[in-house]
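A.B. asks: Line by line, the protein sequences give chains A and B. As numbered in this note's numbering, residues 1 to 129 make up the first sequence, in order. As numbered in this note's numbering, residues 130 to 258 make up the second sequence, in order. Every residue, glycine too, gets a C-beta built ideally from N, C-alpha and C. So that we are looking at the same thing, I have put the structure below in structure tokens.
Protein chains: 2
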Amino acid sequence: MTISEVSGKYGLSVDTLRYYEKAGLIPPVNRKENGIRDYTETDCGWVEFVKCMRGAGLSIEVLTQYIALYAKGNRTLQKRKNLLVAERDRLKERIEQMQQTLKRLNDKIDVYEQRIVACEKKLLKGGVQ
Amino acid sequence: MTISEVSGKYGLSVDTLRYYEKAGLIPPVNRKENGIRDYTETDCGWVEFVKCMRGAGLSIEVLTQYIALYAKGNRTLQKRKNLLVAERDRLKERIEQMQQTLKRLNDKIDVYEQRIVACEKKLLKGGVQ
DNA sequence: GTATTACTTAGAGTTGACTCCAAGTCAAGT
DNA sequence: ACTTGACTTGGAGTCAACTCTAAGTAATAC
Numbered sequence: 001m002t003i004s005e006v007s008g009k010y011g012l013s014v015d016t017l018r019y020y021e022k023a024g025l026i027p028p029v030n031r032k033e034n035g036i037r038d039y040t041e042t043d044c045g046w047v048e049f050v051k052c053m054r055g056a057g058l059s060i061e062v063l064t065q066y067i068a069l070y071a072k073g074n075r076t077l078q079k080r081k082n083l084l085v086a087e088r089d090r091l092k093e094r095i096e097q098m099q100q101t102l103k104r105l106n107d108k109i110d111v112y113e114q115r116i117v118a119c120e121k122k123l124l125k126g127g128v129q
Numbered sequence: 130m131t132i133s134e135v136s137g138k139y140g141l142s143v144d145t146l147r148y149y150e151k152a153g154l155i156p157p158v159n160r161k162e163n164g165i166r167d168y169t170e171t172d173c174g175w176v177e178f179v180k181c182m183r184g185a186g187l188s189i190e191v192l193t194q195y196i197a198l199y200a201k202g203n204r205t206l207q208k209r210k211n212l213l214v215a216e217r218d219r220l221k222e223r224i225e226q227m228q229q230t231l232k233r234l235n236d237k238i239d240v241y242e243q244r245i246v247a248c249e250k251k252l253l254k255g256g257v258q
């Protein structure tokens with residue numbers, strides 16, 4: 001799979017895909033003899049994983065660390081798990097904060113609705129006079 | 130209330146507070162004769178609101194727009210409500226995406242736990258031999 | 001009366017995460 | 001043979017959101 005196909009498949013620009021690889025967010029992508037990237041299913045899996053994690057707000061830095069540990073093999077299992085747990089906890093907290101803000105926005109919108117209705121009533125009354 | 134007190138109260142740097150005011154994220158703050166900021170309860174309320182919204186990921190730009198509409202008074206009620214609804218919807222989507230990623234992270238962590246246990250068993254067996 | 005401390009401003013610098021650009025290679029089509 | 005188009009690289013540029021700096025003022029402590 002070429003880089004532009006992968007770009008189309010996951011909705012990431014080719015620049016972003018190259019940047020992710022260069023930054024070490026995904027392991028080095030498989031190449032053809034001439035040096036052109038030829039994404040395997042595994043490569044695509046990494047792209048999808050990184051897209052998902054970035055979408056949830058995990059930083060480039062932490063994902064780079066994860067891949068670096070992954071590249072060191074089995075003896076980093078515990079470290080990788082610890083990293084994931086830390087990020088999971090942070091994500092959970094952010095979600096909870098966002099849920100509170102969502103509730104607050106909903107309440108605010110309700111208040112606006114009431115105020116708008118009240119305004120319209122006033123205008124109607126004015127119109128009748 | 131001075132800017133550094135407000136900074137302490139809400140955990141925002143004084144630079145950030147001045148930046149928010151300059152950028153129009155909060156209405157102009159009350160001043161003493163000598164030009165020094167003297168935050169009223171209302172000013173603090175705005176700071177808290179902006180902190181909350183920024184914490185949930187609403188952009189500087191959209192919050193600036195909201196304040197600009199607010200400053201124009203009652204005739205912008207509907208526009209303000211529309212803006213809030215749009216941001217609410219975006220927030221909701223982001224939360225849903227993050228919840229899916231949270232679930233995925235939890236599953237991944239479970240898999241790591243199992244692999245780590247399996248590894249330890251192997252090591253123990255090796256030790257017995 | 002001077003040193004310290006907290007404030008003021010305009011504007012420059014930093015960080016994270018891309019995004020774009022120039023210059024070059026290579027295979028395919030006419 | 002030559003153009004076209006997709007790829008390659010290193011490195012520069014951009015954007016949002018701060019964060020810092022320099023130069024200055026004004027009240028308070030010694």
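How should residue 134(B) be labelled, buried or exposed, when 16 other C-beta atoms within 10 angstroms of its C-beta is the threshold for buried?
C.D. replies: Residue 134(B) sits at position 5 when you count from the first residue of the second sequence. Classification for residue 134(B): exposed.
A.B. asks: Could you please tell me which residues of the segment 104-116 of chain A, in chain order, have their CB closer than 8 Å to any CB of chain B?
C.D. replies: Listed in sequence order: 104, 105, 106, 108, 109, 112, 113, 115 and 116.
A.B. asks: Are the Cβ atoms of residue 158(B) and residue 166(B) separated by less than 7 Å?
C.D. replies: For the purposes of this step, residue 158(B) is taken as residue 29 along the second sequence, with counting starting at 1. For the purposes of this step, residue 166(B) is taken as residue 37 along the second sequence, with counting starting at 1. Their beta carbons are under 7 Å apart, which means residue 158(B) touches residue 166(B) by this criterion.
A.B. asks: Residues of chain A with CB closer than 9 Å to the CB of residue 155(B), please, in chain order.
C.D. replies: If you number the second sequence from 1, residue 155(B) lands on position 26. Residues of chain A passing the Cβ test: none, with the nearest at roughly 16 Å.
A.B. asks: Assuming residue 99(A) contacts residue 224(B) under a Cβ cut-off of 8 Å, what Cβ separation, rounded to an integer in Å, is found between them?
C.D. replies: Position 99 of the first sequence, counted from the start, is the residue given in the question as residue 99(A). Position 95 of the second sequence, counted from the start, is the residue given in the question as residue 224(B). Indeed they touch by this definition, with Cβ atoms about 6 Å apart.
A.B. asks: Among the candidates 137(B), 253(B), 187(B) and 195(B), whose CA atom is the shortest distance from the CA of residue 102(A)?
C.D. replies: Here the question's residue 102(A) lines up with position 102 in the first sequence. Considering only alpha carbons, the answer is 187(B).
A.B. asks: Residue 220(B) and residue 185(B): beta carbons closer than 7 Å?
C.D. replies: What you label residue 220(B) is simply residue 91 of the second sequence in a count that begins at 1. What you label residue 185(B) is simply residue 56 of the second sequence in a count that begins at 1. Yes, Cβ-Cβ distance for residue 220(B) and residue 185(B) is below 7 Å.
A.B. asks: Anything in chain B within Cβ reach of residue 63(A), meaning under 7 Å, just list it in chain order.
C.D. replies: Stepping through the first sequence from its first residue, residue 63(A) is reached at position 63. Under the 7 Å cutoff, chain B gives no residues; its nearest Cβ is about 12 Å from residue 63(A).
A.B. asks: Rounded to the nearest angstrom, what separates residue 134(A) and residue 115(A) at their Cα positions?
C.D. replies: Residue 134(A) cannot be examined here, being either before or after the span of chain A that is shown, 1 to 129.
A.B. asks: Could you run through the segment 74-86 of chain A and flag, in chain order, every residue whose CB is less than 8 Å away from some CB of chain B?
C.D. replies: Correct list: 74, 77, 78, 80, 81, 84 and 85.
A.B. asks: Mind checking residue 160(B): buried by the 16 CB within 10 Å criterion, or exposed?
C.D. replies: In the second sequence, counting from the first residue as 1, residue 160(B) sits at position 31. Exposed is the call here.
A.B. asks: I need the straight-line Cα distance from residue 199(B) to residue 217(B), nearest angstrom please.
C.D. replies: Start at 1 with the first residue of the second sequence, and residue 199(B) comes out as number 70. Start at 1 with the first residue of the second sequence, and residue 217(B) comes out as number 88. One C-alpha to the other measures close to 18 Å.
A.B. asks: For residue 76(A), which residues from the same chain have a beta carbon less than 8 Å from its beta carbon, with the 5 sequence-adjacent residues on both sides left out?
C.D. replies: If you number the first sequence from 1, residue 76(A) lands on position 76. So the qualifying residues of the chain are 69 and 70.
A.B. asks: Name the chain B residues that come within less than 7 Å of residue 68(A), Cβ to Cβ?
C.D. replies: Your numbering for residue 68(A) matches position 68 in the first sequence. Going along chain B, no residue has its Cβ under 7 Å from residue 68(A), so there is no contact; the nearest lies around 16 Å.
A.B. asks: List the residues of chain B that residue 121(A) touches, going by C-beta distances under 9 Å, in chain order.
C.D. replies: For the purposes of this step, residue 121(A) is taken as residue 121 along the first sequence, with counting starting at 1. In chain order: nothing, as chain B lies at least about 13 Å away.
A.B. asks: Since residue 160(B) sits in a beta bridge, which residues does DSSP pair it with?
C.D. replies: Here residue 160(B) is taken as the residue at index 31 of the second sequence, counted from 1. Residue pairing by DSSP puts residue 160(B) in a beta bridge opposite 166(B).
A.B. asks: For residue 43(A), count the other beta carbons within 10 Å of its own beta carbon; 16 or more makes it buried, fewer makes it exposed. Which is it?
C.D. replies: Here residue 43(A) is taken as the residue at index 43 of the first sequence, counted from 1. Classification of residue 43(A): buried, given that the 10 Å Cβ count is 16 or more.
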